[in-house]
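Each remark here refers to the structure printed beneath this line.
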Amino acid sequence: MPITKVFSTEIERVSILDEHGKFDEKLGKGLIPDADLLRLYESMVACRHLDEVAFRLQRSGRMGTYPQNMGQEANSLGAAYALNKDDWLVPCYRENCGLFWRGVPMELILLHWMGDERGNAIPRELYCTPLAIPIGTQMLHATGLAWASKYRGEKRLACTFFGDGATSEGDFHEACNFAANLEIPVIFFCQNNFWAISVPGKIQCSAPTVAQRAIAYGMKTVQCDGNDLFAVVKCVRDMAAYTRETGKPAFIEGVTYRLGDHTTADDARRYRDAAEVEMWKTRDPITRLKAYMKDRKIWNDSKEGELKEKVEKEIAAAVERAETIAAPTRDDFFNAMYAELPPDLERQRDTMQTHGLGEDPAQLEGAEVRQLDHPEHAH
Amino acid sequence: MANLTLVQAINLALVQEMEKDDRVIILGEDVGPNGGVFRVTEGLHKRFGAHRVVDSPLAESGIIGTSIGLAMAGLRPVPEIQFEGFLGPAYDQLCSHAARMRTRTRGAFTVPMTVRVPVGGGIHAPELHSDSPESIYAHTPGLKVVMPSSPYDAKGLLVASIRDPDPVIFFEPKRIYRAFREEVPEDEYVIPLGQARVVCEGEEMTMVSWGSSVIQCMQAIERTGRNIELIDLRTIYPLDMDAIEASVKKTGRCVIVHEAPKTCGLGAEISARIMERCFLHLEAPVQRVTGFDTIMPYYKLELEYLPDAARIARAIEETAAY
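Quick note, the sequences are listed as chains P and L, same order. So the first sequence is numbered by the numbering used here: it starts at -8 and just counts up by one. So the second sequence is numbered by the numbering used here: it starts at 25 and just counts up by one.
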């Protein structure tokens, strides 16, 4: 029996505006109208500024651990721009820019990282799912959300984001396999930022691209320059069209870089070369787009100055809104546990109010219960 | 009214809920044309089609994770996991997401799904097919845990679970899937979650159990001939402590019976709650008859592991004599 070739493939990489400012007219012409481009740029600048402010808030004790988005803004923004308003966005936690574009109020995201669950009460009509900490699990939710759309005969797809580290998780593979085999319209968007905290990408995936993982599942796949807003918009638009048309999933590897630490609890200088970071700064999606817009004479330093002022005001107002929302009440963690609080939980909530030891308050009737002072619990 | 086994009663509940509500869909391994490994979903694929009864890839986390997404989008998925031992891979999705989504989003997103899982020993199954992990999930705030002990209850409890706006793990004691039949109404009825059933009334002692152990308790009560009140929890969480309290205050004695290991089993919780609520009414220490803190043995020894009528009867006599 002869040896024959049963499978071979290649993966395309899409780049439209490269780091030297070279713009591919053929691919990029008419992709994003100038008016939109200015708004998208503004959105990235605002997101970047929010990162700086959030970092300072964390360092001064006004916010808990916060993951900066710095350097990766083009990915979720490009996707949110390219998708329909009612396609599901299923984020990880470095997708602020896309969520803001979709309309999620900044103060909600701030509130979330300030340790208040009400920050995740994202209005359903925005079709964005909440931020959550488990890694890689949300890809299955995206698959289920898109499956529900397919079941109802709607054309709504889901786009889910995750890092290169998440592609090592079992749920990533289960989600790809479910979506491909059951033909569910999901776009899997890997933000390959090369680092999962201190562990480099090559430990997550020994293949030369993350994109090729999708091939094993029989999924259409592409790699894009994730620091090039134009490339992201094109890839997401093309994949969305394919997915909507066929009902099948698609995979995008957005090659990007985490310019900041993993979170404010991390110090990337411990494990990363400064030279590597400096090199990636030259590929920053914001400076790249700014240079392009200046070349095209649709942007200048005076406009940049005005934008900076506007964005600073906008973020300051969002921080103020987040910080002036009345604190949750002390029994708030009993709320929203279930649609209806089971009697046992009602009892526990009531017991909490008496500072008891967990006794049934009914047993305390007639007994003298000393009310303890818990100033640390007072609001 | 038909005389049905537990399997048939569950099947009937699924058929009726699927007919009533097209948001209800079934997914899992082998649930389609094969009708499930225990034939619980038999006939459903043919009746409702491949889009409502879905054979999924072999992946428990995938089944539960996609069900969470389906439920977040407003459907009422009823995923099946073939055996409770395979819940492990889905534990993360159940506890990190299903249980938390409502509180995480302050109610913006909820997970109204019912995870059906055969549970427990006694059918000569291989390893990882005979465990009783109910207390693990009862210990996870945000989930509800149900375990019927009869065909009638199974139908009413499953309907309540599917209609419940929160995630429910519906454990089906496989030992009694076909062990006996019972009159089960065709007509719609609901048994509210969180309400225990007094199987038989008595004055001398309270017994608390759930799932297939209820059957062994009944045999033990018959064997001793004592006047015992048997409470079947039906719902593991929320726990109907009021029913237990009322009974123990009446009888002053209590024996709790479950298949799961003793340490941190639900019996420990119930016993502690009885201490909190009924201390001055007790005539004897609360006793537990349980599985052992060992790995559930292969089936040649499974009947030695599981509480049987003889072991339970001894506990009844010791508690009565105290």
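Virtual Cβ for every residue (Gly too), placed ideally from N, Cα, C.
Asked: For the putative contact between residue 241 of chain P and residue 211 of chain P, defined by C-beta atoms under 8 Å, what is the C-beta separation to the nearest angstrom?; Found: 5 Å
Asked: If I'm right that residue 230 of chain L touches residue 272 of chain L with Cβ under 8 Å, what's the distance once you round it to whole angstroms?; Found: 5 Å
Asked: Compute the distance between the beta-carbons of residue 218 of chain L and residue 152 of chain L, then report whether it is under 8 Å.; Found: no
Asked: With a threshold of 6 Å on Cβ separation, who are the neighbours of residue 40 of chain L within its own chain once the five nearest residues in sequence on each side are excluded?; Found: none
Asked: Using CA atoms only, rank isn't needed, just tell me which of P:60, P:284 and P:190 is closest to residue 260 of chain P.; Found: P:190
Asked: Using a cut-off of 7 Å between C-beta atoms, extract the partners of residue 128 of chain P located in chain L.; Found: 89, 116, 117, 120 and 121
Asked: Classify residue 239 of chain L as helix, strand or coil using the three-state DSSP reduction.; Found: helix
Asked: Please name the residues in the region 90 to 105 of chain P whose beta-carbon is closer than 9 Å to at least one beta-carbon of chain L, in chain order.; Found: none
Asked: On a Cα-Cα basis, can you pick out the residue from P:206, P:177 and P:276 that is closest to residue 233 of chain P?; Found: P:177
Asked: Can you find a CB in chain P that lies within less than 8 Å of the CB of residue 75 of chain L?; Found: yes
Asked: Using the beta-carbon of each residue, which ones in chain P are nearer than 9 Å to residue 263 of chain L?; Found: 333 and 335
Asked: Per DSSP, what kind of secondary structure is residue 79 of chain P in: helix, strand or coil?; Found: strand
Asked: Under a three-way DSSP split, which group does residue 25 of chain L fall into?; Found: coil
Asked: Identify every residue that forms a DSSP beta bridge with residue 246 of chain P.; Found: P:183 and P:216
Asked: So residue 131 of chain L contacts chain P; which residues on that side make the cut at Cβ distance below 9 Å?; Found: 112, 326, 327 and 330
Asked: Using a beta-carbon distance cut-off of less than 7 Å, what residues from the region 195 to 223 of chain P approach chain L?; Found: none
Asked: In chain P, which residues lie with their C-beta within 7 Å of the C-beta of residue 127 of chain L?; Found: 108, 327 and 328
Asked: Specify whether the region 272 to 290 of chain P and the region 1 to 15 of chain P touch according to this definition: at least 3 beta carbon pairs, one from each stretch, less than 8 Å apart.; Found: yes
Asked: Compare the C-beta of residue 82 of chain P with all C-beta atoms of chain L and state if any pair is closer than 8 Å.; Found: no
Asked: Let me check understanding here. Comparing Cα to Cα, which of L:250, L:304 and L:318 lies closest to residue 336 of chain L?; Found: L:250
Asked: List, in order along the chain, the chain L residues whose C-beta lies closer than 8 Å to that of residue 165 of chain P?; Found: 81, 83, 85, 86 and 89
Asked: Looking at the structure shown, is residue 302 of chain P part of a helix, part of a strand, or coil, going by DSSP?; Found: helix
Asked: Can you pull the chain L neighbours of residue 140 of chain P, defined as C-beta to C-beta under 8 Å?; Found: 97
Asked: So what's residue 8 of chain L in DSSP terms, helix, strand or just coil?; Found: The shown model of chain L, from 25 to 346, leaves out residue 8 of chain L, and the question about it has no answer.
Asked: What's the C-alpha gap between residue 181 of chain P and residue 282 of chain L?; Found: 47 Å
Asked: Check whether the region 129 to 143 of chain P touches the region 155 to 165 of chain P, counting contact only when three or more Cβ pairs, one atom from each stretch, lie closer than 8 Å.; Found: yes
Asked: Alpha carbon to alpha carbon, what distance is there between residue 37 of chain P and residue 106 of chain P?; Found: 22 Å
Asked: Which two residues bound the contiguous alpha helix (DSSP H) that contains residue 255 of chain L?; Found: Looking at the DSSP string, residue 255 of chain L is not in any alpha helix (DSSP H); the run it does join, the beta strand (DSSP E), is 252 to 256.
Asked: Taking Cβ-Cβ distances shorter than 7 Å, what residues in chain P pair up with residue 189 of chain L?; Found: 330
Asked: I'd like the span of the beta strand (DSSP E) that includes residue 104 of chain L, first residue to last.; Found: 100 to 104
Asked: Tell me the start and end of each unbroken alpha helix (DSSP H) in the region 109 to 194 of chain P that is at least 4 residues and wholly inside, in chain order.; Found: 129 to 143 and 161 to 172
Asked: Does residue 131 of chain P come within less than 8 Å of chain L when only Cβ atoms are used?; Found: yes
Asked: Check the Cβ-Cβ distances between residue 337 of chain L and every residue of chain P, and say whether any is below 8 Å.; Found: no
Asked: Answer yes or no: do residue 158 of chain L and residue 290 of chain L have a C-beta to C-beta separation smaller than 8 Å?; Found: yes
Asked: Given residue 98 of chain P, which residues of its chain have a CB within under 7 Å of its CB, disregarding the five upstream and five downstream residues?; Found: 309, 312 and 313
Asked: For residue 306 of chain L and chain P, any beta-carbon pair shorter than 8 Å?; Found: no
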